[in-house]
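Under full-length UniProt numbering, the letters of the sequence shown match residues 1 to 239, in that order.
The C-beta atom is built at its ideal place from N, Cα and C for all residues, glycine as well.
Here the structure comes first, spelled out in structure tokens, and everything after it is commentary.
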Amino acid sequence: MNEVCQFSTISYQLKRSSRRRTLALQVGPQGLIVLSPLYLDKLQIDQFIQRKADWINTHLQLRQQRPQQGYPVMGDQLVLRDLPIRLRVVDDVVTGVTLEGQTLWVQLSRRIKPANRPKQVLSLLEDWYQQEARQYFAERLAHWSALMGLSYQRLMIKGWQTRWGSCHSDGTICLNWRLLLAPAWVSDYVVVHELAHLRQMNHSPAFWQLVAQYYPAWRDAKAYLKHHQMQLTLTADHS
Numbered sequence: 001m002n003e004v005c006q007f008s009t010i011s012y013q014l015k016r017s018s019r020r021r022t023l024a025l026q027v028g029p030q031g032l033i034v035l036s037p038l039y040l041d042k043l044q045i046d047q048f049i050q051r052k053a054d055w056i057n058t059h060l061q062l063r064q065q066r067p068q069q070g071y072p073v074m075g076d077q078l079v080l081r082d083l084p085i086r087l088r089v090v091d092d093v094v095t096g097v098t099l100e101g102q103t104l105w106v107q108l109s110r111r112i113k114p115a116n117r118p119k120q121v122l123s124l125l126e127d128w129y130q131q132e133a134r135q136y137f138a139e140r141l142a143h144w145s146a147l148m149g150l151s152y153q154r155l156m157i158k159g160w161q162t163r164w165g166s167c168h169s170d171g172t173i174c175l176n177w178r179l180l181l182a183p184a185w186v187s188d189y190v191v192v193h194e195l196a197h198l199r200q201m202n203h204s205p206a207f208w209q210l211v212a213q214y215y216p217a218w219r220d221a222k223a224y225l226k227h228h229q230m231q232l233t234l235t236a237d238h239s
């Protein structure tokens, strides 16, 4: 059941489903989509939108600015999970990356030739995102493994172009650092997905039932990753 609705200055598409148990938001090419259980009335939905208004406006703006083929590392904006961050590349005597508030500073040695600067910035940023991913996903794995009553052996961070995660029979879970370019609710789905493989090393109905038990919005997150796959990356292109 789909309908176009309006709350204050926010217009949205409302999608109701008998399979849903919680409210969820999606910002896509068509704007804001609200995913709702059948039984919720419009007042409850609008109250939810009001509470999430800042998040909605931020992501609608971010969606308009988001590049179609990845974030250019010589541009002026990146993203870290649910937050847009300003990118500033500056000349310095040393090379490094530092996040201060919502500004990510990339210090680049003056000795680097102009033609080599984009690739050098790309390498620095990928290293920085990988370090952030190790810390963040260790925390998310601890959170979800405790809820699911499962135990993994170790975490590895990867940089795949077409894969988001994997789980090995020895208990090793691999996650793609590029998930940090997606909203936190999307990357949480991948964490739950890979943890579920510790119990079901397949994609059987029993596996998806386990995923749905702990992450009812898994279909929405999976669709998000499919739709945004080409955007969730960094590029050394100037455009």
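Start-to-end residues for the beta strand (DSSP E) that takes in residue i
i: Val79; result: Gln77 to Leu80
i: Gln107; result: Thr103 to Ser109
i: Pro37; result: Gly31 to Pro37
i: Gln13; result: Ile10 to Ser17
i: Ser166; result: Gly165 to Cys167
Which listed residue (the options) has its alpha carbon closest to that of residue i
i: Ala115; options: Leu25, Met74 and Leu155; result: Met74
i: Thr95; options: Arg81, Arg110 and Gln102; result: Arg110
i: Ser169; options: Glu3, Gln61, Ala182 and Asn202; result: Asn202
i: Gly70; options: Arg178, Lys158 and Met148; result: Arg178
i: Cys174; options: Val192, Arg81, Leu23 and Leu147; result: Val192
i: Ile85; options: Val93, Thr98 and Asp91; result: Thr98
i: Ala182; options: Leu232, Gln120, Asp127 and Phe48; result: Leu232
i: Leu234; options: Leu198, Leu195, Ser145 and Val121; result: Val121
i: Leu40; options: Leu32, Lys15, Leu60 and Arg51; result: Lys15
i: Gly149; options: Tyr189, Leu198, Gln102 and Cys167; result: Leu198
Environment of residue i [buried if 16+ CB atoms lie within 10 Å]
i: Gln227; result: The sequence given here has His at residue 227, not Gln. Exposed: under 16 other Cβ atoms inside 10 Å.
i: Met156; result: exposed
i: Met230; result: exposed
i: Ala221; result: buried
i: Arg19; result: exposed
i: Val93; result: exposed
i: Glu139; result: exposed
i: Ala133; result: buried
i: Leu43; result: exposed
One or two residues paired with residue i in a DSSP bridge
i: Asn176; result: Lys158
i: Arg86; result: Gln77 and Thr103
i: Asp170; result: None, per the DSSP bridge assignment.
i: Glu3; result: Leu14
Rounded Cβ spacing between residue i and residue j (contact assumed at less than 8 Å)
i: Ser36; j: Leu25; result: About 10 Å; that fails the 8 Å criterion.
i: Leu87; j: Leu108; result: Wrong, their Cβ atoms sit about 12 Å apart, outside the cutoff.
i: Phe207; j: Gln200; result: 4 Å
Residue interval of the alpha helix (DSSP H) (run including residue i)
i: residue 241; result: Only positions 1 to 239 of the chain appear in this structure, which leaves residue 241 out of reach.
i: Gln131; result: Arg117 to Met148
i: Gln209; result: Pro205 to Tyr214
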